[in-house]
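Asks:
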Amino acid sequence: MDINNGDEEEFEFSRNYFLAKECSGKKSTCKISDIDLIDEQELIAAVANIEPKHEKETIALVNSYKKLYPRWVFELRCGFGLLTYGFGYKKALIESFASTAFAEYPVVVINGYL
355 MDINNGDEEE FEFSRNYFLA KECSGKKSTC KISDIDLIDE QELIAAVANI EPKHEKETIA
415 LVNSYKKLYP RWVFELRCGF GLLTYGFGYK KALIESFAST AFAEYPVVVI NGYL
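The numbering of the sequence shown is this note's numbering, which starts it at 355 and goes up by one.
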């Protein structure tokens with residue numbers, strides 16, 4: 355069994371791969387500057403016409419989170435933090451929590467997406 359023979363075959367394979375890529379010569383003629391941009395007002399109008407999906411389920415989910423506010427306060431008082439992740443409604447939920455649970459205290463909300 356010749357180990358060097360395997361290395362040579364591997365070298366030939368990789369060399370042929372890169373030679374084929376080099377000789378293909380295909381390059382895209384598309385550029386970012388060729389993209390037609392949509393006017394911002396047109397985009398806002400289009401988004402406003404989108405009907406929300408699962409609206410009842412979303413409201414039920416937000417209400418179930420609101421029932422957890424006392425637990426969240428307890429966890430914060432114990433030194434833990436809150437982490438919300440996923441798609442949608444987090445900002446409104448945290449602002450609602452801050453204004454409801456800490457109405458008599460000053461609150462600082464830091465937006466982490468900026």
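We treat Cβ as the ideally placed atom computed from N, Cα and C, and that holds for glycine.
The structure displayed is predicted, hence computed values, not measured ones.
Could you have a look at Gly401 and say whether DSSP puts it in helix, strand or coil?
Replies: Rather than Gly, the amino acid found at residue 401 in this sequence is Val. DSSP places Val401 in helix when its eight states are reduced to three.
Asks: How do the segment 395-404 and the segment 421-438 stand: do at least 3 beta-carbon pairs fall below 8 Å, yes or no?
Replies: no
Asks: If you reduce the DSSP assignment to three classes, tell me which class Ile392 lands in.
Replies: coil
Asks: Val416 by DSSP, collapsed to three states: which one?
Replies: DSSP places Val416 in helix when its eight states are reduced to three.
Asks: Do you know offhand how far Pro470's Cα is from Ile413's?
Replies: This structure gives no information on residue 470, because the portion of the chain shown stretches from 355 to 468.
Asks: From what residue to what residue does the alpha helix (DSSP H) around Thr473 run?
Replies: Given a span of 355 to 468 for the chain in the structure shown, any question on residue 473 remains unanswerable.
Asks: What residue from Gly433, Glu458 and Gly466 has the CA that sits closest to Lys444's CA?
Replies: Gly466
Asks: What three-state label does DSSP hand Ser382 in the structure shown?
Replies: coil
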